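Visitor: Sharing a structure below in structure tokens format, with a few things to ask.
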Amino acid sequence: MYPGDRRYSKQHEWLKVDGDIATIGITDFAQSELGDIVFVELPETGKEVQAGDVLGTIESVKAVSELYAPVGGTVEAANGDLESKPEAVNEDPHGEGWLCRIKLTNPSEADQLMDAAAYQELLGS
Amino acid sequence: MVEFAGWSLPIQYTGVIDEHQAVRTRAGLFDVSHMGEVAVRGAQALDYLQHLTFNDVARLAPGRCHYNGLSTPGGGFVDDLLVYQLAENDYLLVINAANTAKDLAWLARHAADFDVVVEDQSGEWAQLALQGPLAGSILGPEVSENLAELRYYAHRWMEIEDARCIVSRTGYTGEDGFEIYAPWCAGAAIWRRLLAAGGKHGLVPVGLGARDTLRLEAKMALYGNDIDETTTALEADLGWMVKLKKGDFIGRDALVRQKEEGLRRKLVGFEMQGRAIARSGYGTFQGENELGRVTSGSFAPHLNKRIGLAYLPIALSEPGSQFEVEIRGRREAARVVPTPFYKRPQR
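Protein chains in written order, with my numbering: chain A, 5 to 129; chain B, 13 to 359.
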């Protein structure tokens, strides 16, 4: 099931907050919809984003999908392992497949995202 | 499932990469019943087909087929297709689903000048493709004839599941394999029978996603991407299929002229130098010069490379030539490589 230690966006991303740093990834549902992921383009450290901005792209064999910032902040780190192993996003989307970390501009923005139960319900519908 | 030329088709069953690799190492089964089939019969069936196509239909015989194209007056493609000779004055054309209506109109228009009858049989045939090194082992026991005797680009009537089918050793993957034309109502039963028979060999069903990556690795053209009415058969690197000596045909004059003047551009294969993936429609550049667009491009699962096809100016068409593909605003390095990108191991 979907881990209870994080929030979820309507674009099927998860956000795990630790103080004012949030780790972002895509959900298991998203990776399964995308299919085999073969290339991930992640933002540069220092990039500033607002909620809804394009953070990067995730490419499956067939399609290019944009990754949107679920909340606003400054990019602190990107998961460098994905360059050589993009399939980690398929294999462990909630763990090893994390995409990037941002320093939140406004930590309370995260509270506006769904909790695990609400996301589960979104999927169920 | 997605909509494709009016049909509902699966992009994948278990995963594009898994399905792609299954075909390269074991076998995969494709439902390609969306393809169109057209019967061409009559005393002038041969003359008619010679007039409308690039390749020499007179070189066929009952039991043989070949890759061909319906030509435009400019030497381009109305469609690419397979022409099967079933008997004297009796041919079956297998055409792209997306072009079925267009092809039928074109065929009908020209049929008026010949003693020939053109009949749309698309609704009568189901088509399955069984492709991969184990295809013969899987299909052999299921058919009434000796499959091992069927040579490449040959075809024969065979019984499968009590249905009378045409089986040809042809395909769109670059692997050994077969295309099976069955009466429409028998298609599902044959599908299930083959999946059951192939289970122990690791046969899997394969969708459109892997169909595209497989044909791209084998450098097989996709109509609408790599070839269309504006690309001549010579530019498309399909000159081997153009038989100027067979006599006059639609577009012959244009092709002769193009051959004499020399090609200005050519369809070439390329590899991306980095990890970015080139896709259909992305712009190609050399310095500030815009060269054109990528026609087909993808991640190639078996080769683990990022490959593509594009029309480049002749001066840049030799393997080793470098250019750039613009991907989301950034120029990424590409290099022309020899094709096909993949060639199946010869036994």
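Just so you know, even glycine gets a beta-carbon here, dropped at the ideal spot from N, CA and C. Source: prediction; values computed, not measured.
Tell me the rounded alpha-carbon separation between residue 24(A) and residue 76(A).
Guide: If I take the Cα positions, the gap works out to 11 Å.
Visitor: Whole angstroms are fine: how far does the CA of residue 247(B) sit from the CA of residue 165(B)?
Guide: Cα-Cα distance, rounded: 24 Å.
Visitor: Span of the beta strand (DSSP E) holding residue 172(B)?
Guide: Looking at the DSSP string, the run of the beta strand (DSSP E) that includes residue 172(B) is 167-172.
Visitor: Taking only beta carbons into account, state which residues of the segment 264-298 of chain B come closer than 8 Å to chain A, listed in chain order.
Guide: Hits within the stretch, in order: 287, 288, 289 and 291.
Visitor: Have a look at residue 87(B) and residue 345(B) and give me their C-alpha separation to the nearest angstrom.
Guide: Approximately 32 Å between the Cα atoms of the pair.
Visitor: Using 8 Å as the limit for Cβ to Cβ distance, is residue 9(B) near chain A?
Guide: This structure does not reach residue 9(B), given that chain B is present from 13 up to 359, and the question cannot be answered.
Visitor: Just list the residues that DSSP pairs residue 137(B) with in beta bridges.
Guide: DSSP, once it has assigned bridges, lists 195(B) as partnering residue 137(B).
Visitor: Please state whether DSSP places residue 97(B) in a helix, a strand or coil.
Guide: In this structure, residue 97(B) counts as strand in the three-state DSSP scheme.
Visitor: Looking at chain A, is there any beta carbon in it that lies within less than 8 Å of the beta carbon of residue 353(B)?
Guide: Chain A, which has no Cβ nearer than 8 Å to the Cβ of residue 353(B), makes this no.
Visitor: So the beta strand (DSSP E) residue 33(A) belongs to, where does it begin and stop?
Guide: Where residue 33(A) is concerned, there is no enclosing beta strand (DSSP E), although the alpha helix (DSSP H) it sits in stretches over 32-38.
Visitor: Got a sec, what are the start and stop residues for the beta strand (DSSP E) residue 44(A) sits in?
Guide: Looking at the DSSP string, the run of the beta strand (DSSP E) that includes residue 44(A) is 41-45.
Visitor: In this structure, does DSSP put residue 124(B) in helix, strand or coil?
Guide: Of the three classes helix, strand and coil, the one that applies to residue 124(B) here is coil, per DSSP.
Visitor: For the segment 297-314 of chain B, enumerate the residues whose C-beta is nearer than 8 Å to any C-beta of chain A, in chain order.
Guide: The residues in question are 310, 311 and 313.
Visitor: Using CA atoms only, rank isn't needed, just tell me which of 222(B), 252(B), 326(B) and 124(B) is closest to residue 40(B).
Guide: Nearest option by C-alpha distance: 222(B).
Visitor: My guess is that residue 38(A) and residue 64(A) are in contact by the Cβ rule of under 8 Å, so how many angstroms apart are they, rounded?
Guide: Confirmed, about 4 Å.
Visitor: Which residues in the same chain have their Cβ closer than 7 Å to the Cβ of residue 61(A), if we skip the five residues on either side of it in sequence?
Guide: Excluding sequence neighbours, residue 61(A) sits near 45, 68, 69, 70 and 71.
Visitor: Assign residue 102(A) to one of three DSSP states: helix, strand, or coil.
Guide: In the structure shown, residue 102(A) sits in coil (DSSP, three-state: anything other than H, G, I, E or B).
Visitor: In chain A, which residues lie less than 8 Å from residue 23(B) when you measure between Cβ atoms?
Guide: The answer, in chain order, is 39 and 66.
Visitor: I'd like to know if the segment 342-357 of chain B and the segment 64-73 of chain B are in contact, where contact means that at least 3 CB-CB pairs between them fall below 8 Å.
Guide: They do not touch, by the three-pair rule.
Visitor: What residue range does the beta strand (DSSP E) around residue 63(B) cover?
Guide: Looking at the DSSP string, residue 63(B) is not in any beta strand (DSSP E); the run it does join, the alpha helix (DSSP H), is 57-64.
Visitor: Where do the ends of the alpha helix (DSSP H) carrying residue 82(B) lie?
Guide: Counting along the chain, residue 82(B) falls outside any alpha helix (DSSP H), though it belongs to the beta strand (DSSP E) covering 76-83.
Visitor: Mark residue 243(B) as exposed unless 16 or more other C-beta atoms lie within 10 angstroms of its C-beta, in which case mark it buried.
Guide: It counts as buried.
Visitor: Mind pulling the chain A residues with CB within less than 7 Å of residue 28(B)?
Guide: Result: 39, 40, 65 and 66.
Visitor: What residues in the segment 62-74 of chain B bring their beta carbon closer than 7 Å to a beta carbon of chain A?
Guide: Residues passing the 7 Å Cβ filter: none.
Visitor: What does residue 225(B) touch in chain A if you count any residue whose Cβ is under 8 Å from its own?
Guide: Here the neighbours are 65.
Visitor: Which of helix, strand or coil does DSSP assign to residue 30(B)?
Guide: Helix, per DSSP.
Visitor: Smallest Cα separation from residue 41(A): which of 48(A), 49(A) and 32(A)?
Guide: For the residues 48(A), 49(A) and 32(A), the minimum Cα distance to residue 41(A) belongs to 32(A).
Visitor: According to DSSP, is residue 254(B) part of a helix, a strand, or is it coil?
Guide: Three-state DSSP puts residue 254(B) in coil, outside helix and strand.
Visitor: Report yes or no: do three or more beta-carbon pairs, one from the segment 198-212 of chain B and one from the segment 40-59 of chain B, lie closer than 8 Å?
Guide: Verdict: yes, contact present.
Visitor: Please report how far the alpha carbon of residue 174(B) lies from the alpha carbon of residue 75(B), in whole angstroms.
Guide: Going by the C-alpha atoms only, they are around 21 Å apart.
Visitor: Taking only three categories from DSSP, how would you classify residue 109(B)?
Guide: The answer is helix: DSSP assigns residue 109(B) an H, G or I state.
Visitor: Can you tell me whether residue 20(B) is buried or exposed? The criterion is at least 16 other CB atoms within 10 Å of its CB, across all chains shown.
Guide: Exposed, because fewer than 16 other Cβ atoms sit within 10 Å of the Cβ of residue 20(B).
Visitor: Quick check on this structure: which residue in 144(B), 77(B), 225(B) and 232(B) has the alpha carbon closest to the alpha carbon of residue 358(B)?
Guide: If we check each option's Cα against that of residue 358(B), 144(B) comes out closest.
Visitor: Under a three-way DSSP split, which group does residue 147(B) fall into?
Guide: Residue 147(B): helix per DSSP, three-state reduction.
Visitor: Exposed or buried, residue 225(B), counting other C-beta atoms within 10 Å across all chains shown (16 or more means buried)?
Guide: Result: buried.
Visitor: In whole angstroms, what separates the C-alpha of residue 292(B) from that of residue 279(B)?
Guide: Cα to Cα, the separation comes out at about 13 Å.
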